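A.B. asks: Residue numbers (full-length UniProt numbering): 1 to 419.
Just so you know, even glycine gets a beta-carbon here, dropped at the ideal spot from N, CA and C.
Since this is a predicted model, take the numbers as computed values, not measurements.
See the structure below:
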């Protein structure tokens, strides 16, 4: 009997009493096969939907990056240098004068100012023969001026720098060379920088491809005679605050009329420089910008996969929360980065934060609304069918058991009667 029940419970096909229930089990197997076939039919569609979503997100990232790069490069068009360099060279060939060399040591974008430390010396006919320090150009002797010099910038009424050849320091030995006072060899100036508006936005909006311009005009005069001394060369170099200067114009000019006192023209020198970010700064910022988009794409990929039925666990919520905290930290690593609101924030930080926040809320809702898995209906159906089969087997077997019990009782009675 136990063997019969075991056969009926685990393999009903063995028992002859399970034959009436074979159509039900065939129907159940048919339903399972139909369900699997339906899933196989719908899975390619789900996979195609996932790929379409991922492709759409990737396309948005690529378009955002290309658009950002193109819009930043657009205003970074510099006009070619003027003929100022040629004019300077031709002036050097015919007469001597003052040479100015500036070193940029501070630049403040917020106040639109730049500070330069100027060094100067003279060449050819205005050089002091006692102080010939070096040669420039066509082997011309250059050193400290042999006449008093006052240097004016941008038409200021007072000179920014001055030099008096009588201020010299002599060594204890007459054979030693004379040395100029260091304070008299250099002076500081502060100038204004500006940037053109592009598409109604300030140049700093296009960081790290923002470009600014700086220009100034210098004039050298002899305070004793009020005669203009030509500035035959004027240049600026050095890099600070991630900006590097590039010469755009270097031009010698003169006043339209002669000076009424001396009868000579006042000769000046005008330079214009382009201040742009260093290449290392641009590469560094754009790499961090791309890394932010890669992290954003990873979160969106998880959200898109969860929408197609991938199980979502509580551990997946760590990634969106970590990324949403990492993006502002990477934004703070931008070299000399401006305040929030530039083009890279519109196409990057702001958009990334919004997308990650939406993806995080979606994943959180899926985790919160997830219910415990219910037992599948198939085992319940099989269990009920097995119970029904066992009950029928026991009911059908009751007459045989009764007959066997009666037979056994008769045999016991017959065996006991002789006694």
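What runs of the alpha helix (DSSP H), each 4 residues or longer, lie entirely inside the region 322-374?
C.D. replies: 350-368
A.B. asks: Quick one: using the 10 Å Cβ neighbour count with 16 as the cut-off for buried, is residue 292 buried or exposed?
C.D. replies: buried
A.B. asks: Which residue wins for smallest C-alpha separation from residue 358, given the options 274, 104, 337 and 301?
C.D. replies: 301
A.B. asks: Identify the continuous beta strand (DSSP E) that holds residue 213 and give its terminal residues.
C.D. replies: Judged by DSSP secondary structure, residue 213 falls within the beta strand (DSSP E) whose first and last residues are 211-222.
A.B. asks: Leaving out the 5 sequence neighbours to the left and right, which residues in its chain are closer than 6 Å to residue 220 when beta-carbon positions are compared?
C.D. replies: Excluding sequence positions up to five before and after residue 220, its CB lies within less than 6 Å of the CB of 98, 149, 151, 229 and 231, all in the same chain and listed in chain order.
A.B. asks: Determine the direct distance from the alpha carbon of residue 343 to that of residue 297, and round the result to whole angstroms.
C.D. replies: The alpha-carbon of residue 297 is positioned some 20 Å away from that of residue 343.
A.B. asks: Look at the Cβ atom of residue 207, then the Cβ atom of residue 338, and state whether they are nearer than 8 Å.
C.D. replies: yes
A.B. asks: Provide the residue span of the beta strand (DSSP E) that contains residue 295, from first to last.
C.D. replies: Not the beta strand (DSSP E): residue 295 falls in the alpha helix (DSSP H), residues 279-307.
A.B. asks: Go ahead and label residue 391 buried or exposed: buried means 16 or more other beta carbons lie within 10 angstroms of its beta carbon, across all protein chains shown.
C.D. replies: exposed
A.B. asks: Leaving out the 5 sequence neighbours to the left and right, which residues in its chain are closer than 7 Å to residue 278 when beta-carbon positions are compared?
C.D. replies: 239, 242 and 244
A.B. asks: By the 10 Å Cβ neighbour count, where 16 or more other Cβ atoms means buried, how is residue 205 classified, buried or exposed?
C.D. replies: buried
A.B. asks: Which of the three DSSP states, helix, strand or coil, is assigned to residue 230?
C.D. replies: In the three-state reduction of the DSSP assignment, residue 230 falls in the coil class.
A.B. asks: What are the residues that DSSP puts in a beta bridge with residue 310?
C.D. replies: DSSP output for residue 310 lists no bridge partner at all.
A.B. asks: Would you kindly check if the distance between the Cβ of residue 155 and the Cβ of residue 187 is under 8 Å?
C.D. replies: no
A.B. asks: Just to confirm my understanding: we take residue 234, look at its own chain, exclude 5 residues before and 5 after, and list those with CB closer than 7 Å. What are they?
C.D. replies: Result list for residue 234: 100, 218, 250, 269 and 271, in chain order.
A.B. asks: Report the partner residues of residue 267 according to the DSSP bridge assignment.
C.D. replies: 254
A.B. asks: Quick one: what's residue 316 bridged to in DSSP?
C.D. replies: Per DSSP, none; premise fails for residue 316.
A.B. asks: With three or more C-beta pairs closer than 8 Å as the rule, is the region 306-317 touching the region 344-356?
C.D. replies: no
A.B. asks: Can you round the beta-carbon distance between residue 266 and residue 254 to whole angstroms, since I take them to be within the 8 Å contact cut?
C.D. replies: About 6 Å separates the CB atoms of residue 266 and residue 254; that is less than 8 Å, so the two are in contact.
A.B. asks: Would you decide whether residue 356 is buried or exposed? Buried here means 16 or more other CB atoms lie within 10 Å of its CB.
C.D. replies: buried
A.B. asks: Please classify residue 304 as buried or exposed, where buried requires at least 16 neighbouring CB atoms within 10 angstroms.
C.D. replies: It counts as buried.
A.B. asks: Give me, in chain order, the residues of the same chain whose beta-carbon lies closer than 6 Å to that of residue 193; leave out the 5 immediate sequence neighbours on both sides.
C.D. replies: If we look at residue 193 and ignore the five residues flanking it on each side, its Cβ neighbours are 112, 114, 212 and 214.
A.B. asks: Using a Cβ-Cβ cutoff of less than 7 Å, which residues in the same chain neighbour residue 159 once the five nearest sequence positions on both sides are dropped?
C.D. replies: 150, 151 and 152
A.B. asks: Inspect the beta-carbon positions of residue 360 and residue 324 and report whether they are closer than 8 Å.
C.D. replies: yes
A.B. asks: Among the residues of its own chain, which have a CB less than 6 Å from the CB of residue 76, if the five just before and after it don't count?
C.D. replies: Summary for residue 76: the model assigns pLDDT 43, below 50, so the residue's position carries little reliability; its value from the coordinates is reported in the next sentence. So the qualifying residues of the chain are 209 and 211.
A.B. asks: By Cβ distance below 7 Å, which residues in the same chain neighbour residue 109 in space, the five residues on each side in sequence not counted?
C.D. replies: Excluding positions up to five away in sequence, the list reads 204.
A.B. asks: Less than 8 Å between C-beta atoms, sequence neighbours within five positions excluded: which residues of the same chain meet that for residue 107?
C.D. replies: 113, 114, 115, 193, 240, 241, 243 and 275
A.B. asks: Ordered along the chain, which non-local residues of its own chain (more than five positions away) have a Cβ less than 7 Å from that of residue 174?
C.D. replies: Interpretation of residue 174 is limited by its pLDDT of 47, a score under 50 that renders its predicted location unreliable; the figure taken from the coordinates is listed afterwards. Cβ neighbours of residue 174 within its own chain (closer than 7 Å, five residues either side excluded): none.
A.B. asks: Ignore the nearest five residues each way along the sequence and tell me which others in residue 326's own chain have a CB closer than 7 Å to its CB.
C.D. replies: 295
A.B. asks: Can you pull the DSSP bridge partners for residue 119?
C.D. replies: 101 and 186
A.B. asks: Only counting the same chain, and skipping five residues up and downstream in sequence, which positions put a Cβ closer than 8 Å to that of residue 299?
C.D. replies: Correct list, in chain order: 319, 320, 323, 355, 356, 359 and 360.
A.B. asks: For residue 316, tell me which candidate among 223, 368 and 288 has the shortest Cα-Cα distance.
C.D. replies: It is 368 whose Cα lies nearest to the Cα of residue 316.
A.B. asks: Roughly how many whole angstroms lie between the Cα atoms of residue 96 and residue 145?
C.D. replies: 11 Å
A.B. asks: Relative to the alpha-carbon of residue 163, which residue among 353, 191 and 118 has its alpha-carbon at the smallest distance?
C.D. replies: 118
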